[in-house]
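Here's the structure we're looking at; comments come further down.
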Amino acid sequence: MSEETELSSQEKLDRQHMARAIEIAAKGSYHTYPNPLVGCVIARGDLVLAEGYHKQFGGLHAEREAFAALDPKQSLDGASLYVNLEPCAHHGQTPPCIDAVLQSGIKRVVVAQRDPNPKVDGRSLEQLTKNGVELVTGVLEKEARELNVAFNKFMMTTRPFVIAKWAMSLDGKIAARGGDSKWITGEDARHRVHEIRGHCDAIVVGIGTALKDNPRLTRRGVEGRDPARVVVDSTARIPEELGLVATARDHQTFLVTTNLADPDRLKRLRSLGVNVIKVAFEGQRVDVNDMLDQFGRRGWQRILVEGGGALLGSFFAHDLVDRVHCFIAPKIIGGDKAPSPAGGTGVSAVSDALLCSPMKTEALGQDVLLTTDIHEW
Ligand SMILES: NC(=O)c1ccc[n+]([C@@H]2O[C@H](COP(=O)([O-])OP(=O)(O)OC[C@H]3O[C@@H](n4cnc5c(N)ncnc54)[C@H](OP(=O)(O)O)[C@@H]3O)[C@@H](O)[C@H]2O)c1
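Per numbering that gives the first Met the number 0, the very first residue in the sequence shown carries number 0; after that it's consecutive.
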């Protein structure tokens with residue numbers, strides 16, 4: 000018997016309405032930040048009475064949108080309220096949603112995921128049960144968690160969700176032996192990278208990549224947010240003529256560096272519009288743990304580390320990557336000297352390798368995108 004046929008009719012209904020709540024929540028993408036994506040459905044049986052989602056930061060929350068859409072003459076007898084994230088319990092830009100839910104008199108609430116925000120963290124769920132509301136939790140929780148995965152991690156750790164991304168040939172090379180990497184993948188794959196960038200607060204590269212590729216690191220040709228550009232450069236050796244510095248006034252640009260950098264040089268870079276973040280050093284290089292803490296303090300919830308191999312190797316060595324997007328092109332570059340995605344020392348036995356979740360695949364023209372998670376939030 001399949002999982003679906005084993006479900007009771009109530010469970011099937013709960014999943015159906017929660018799936019809709021998650022679907023409409025996603026419509027707030029790019030606009031609710033730094034708030035999470037939340038959708039709400041009020042239904043009796045199969046019949047949807049009202050729905051709403053958090054449309055933009057500062058605007059009504061999903062539950063209040065749904066109540067506003069409800070016919071005031073509509074009785075809520077026998078109705079359930081579905082919401083993908085626990086209603087808020089605190090005064091933010093708007094009053095607590097839990098008050099609106101309790102005042103409505105609705106007697107059954109279905110929540111997919113508890114809100115990890117320390118200001119909420121189960122308080123609204125408690126209030127619901129205390130007030131005699133039937134509470135069902137965990138319906139489509141996996142899907143709901145994925146929707147707000149970066150928010151979840153940020154709330155739990157005050158650090159951003161870290162995505163590692165690279166493009167490689169079929170034989171696992173991210174550049175040819177001389178360092179040339181333009182272009183390994185085709186246009187569809189590169190378009191997908193811009194979509195991913197549009198969900199991020201920052202794109203991070205090592206100084207090796209900045210020097211070799213002179214990248215723009217901007218989001219182009221797709222809707223989304225404009226991530227900050229970050230170069231990790233322990234001694235501030237980035238040249239003033241490099242595109243990233245020359246365009247620092249047009250696109251937010253950060254240099255992550257250490258006390259090893261010459262203060263005059265940093266002053267000069269600041270005068271050109273580059274923001275400087277000083278972090279601790281580990282060995283002679285940027286301490287990646289301290290860097291993530293500092294990103295968290297800026298409120299960055301999601302960052303995209305685009306390489307190269309040395310920087311990604313450090314992230315993997317410290318087990319700091321949450322998700323990997325690996326684009327593979329049907330090409331063989333070959334050669335012992337051509338770099339691979341995760342540099343550094345690596346592990347000495349396969350049994351010590353970082354374990355990732357089963358991979359999802361996406362065909363992009365001739366290329367494929369493999370996505371896998373190392374940590375779940
Ligand atoms: N195919 C792809 O997806 C892709 C993506 C990106 C790059 N690439 C290719 O990769 C090559 C560049 O890679 P790369 O490995 O030479 O350079 P990288 O990883 O971009 O930069 C490495 C440099 O970053 C600095 N750094 C500071 N702190 C660090 C830390 N904790 N860990 C590691 N590095 C740190 C170091 O220089 P300092 O000590 O001076 O600070 C280090 O030499 C180029 O050929 C580029 O085309 C390919």
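Idealized CB from N, CA, C, for every residue including glycine.
Item: Any non-hydrogen atom of ligand 1 within 6 Å of W165 CB; Value: yes
Item: Spatial distance of I276 from G91 (CA atoms); Value: 29 Å
Item: N- and C-terminal bounds of the alpha helix (DSSP H) containing G312; Value: G308 to A316
Item: Check: V230 C-beta below 6 Å from any heavy atom of ligand 1; Value: no
Item: Whole-angstrom distance between I373 and F315, CA atom to CA atom; Value: 10 Å
Item: C355 in three-state terms, based on DSSP; Value: coil
Item: Cutoff 7 Å; reference A247; Cβ partners in own chain excluding five residues on either side; Value: L271, G272 and V273
Item: Sheet register partners of A88 (DSSP bridge); Value: A88 is not bridged to any residue.
Item: Buried versus exposed call for V221 [16 or more other C-beta atoms within 10 Å across all chains shown]; Value: exposed
Item: C-beta atoms of K152 and W376 nearer than 7 Å; Value: yes
Item: Uninterrupted beta strand (DSSP E) stretches inside the region 215-303 (no shorter than 3 residues); Value: 227-231, 252-256 and 274-277
Item: Closest residue to V304 among K106, Q293, R284 and D321 (Cα-Cα distance); Value: D321
Item: Contacting residues, own chain, Cβ-Cβ under 7 Å from V287 (five flanking each side not counted); Value: S313, F314, H317 and L319
Item: Reference A67; option with closest CA among L46, I41 and L146; Value: I41
Item: R196 burial status per 10 Å Cβ neighbour count (16 or more: buried); Value: buried
Item: Stretch pair the region 190-204 + the region 336-356: three plus CB contacts closer than 8 Å; Value: no
Item: Neighbourhood of M0 by C-beta distance below 7 Å, restricted to the same chain and skipping five residues each side; Value: In this predicted model, M0 has a pLDDT of only 49, less than 50, meaning its place in the structure is not dependable; the value taken from the coordinates is given anyway. Excluding sequence neighbours, M0 sits near nothing in its chain.
Item: DSSP three-state assignment for A341, whether helix, strand or coil; Value: coil
Item: Touch test, the region 56-63 against the region 153-168, Cβ-Cβ under 8 Å, three pairs minimum; Value: no
Item: Touch test, the region 355-371 against the region 174-182, Cβ-Cβ under 8 Å, three pairs minimum; Value: no
Item: One or two residues paired with D366 in a DSSP bridge; Value: L363
Item: Cβ pair count under 8 Å reaching 3, the region 249-262 against the region 214-234; Value: yes
Item: Identity of the residue in A235, F150 and G77 nearest V255 by Cα; Value: A235
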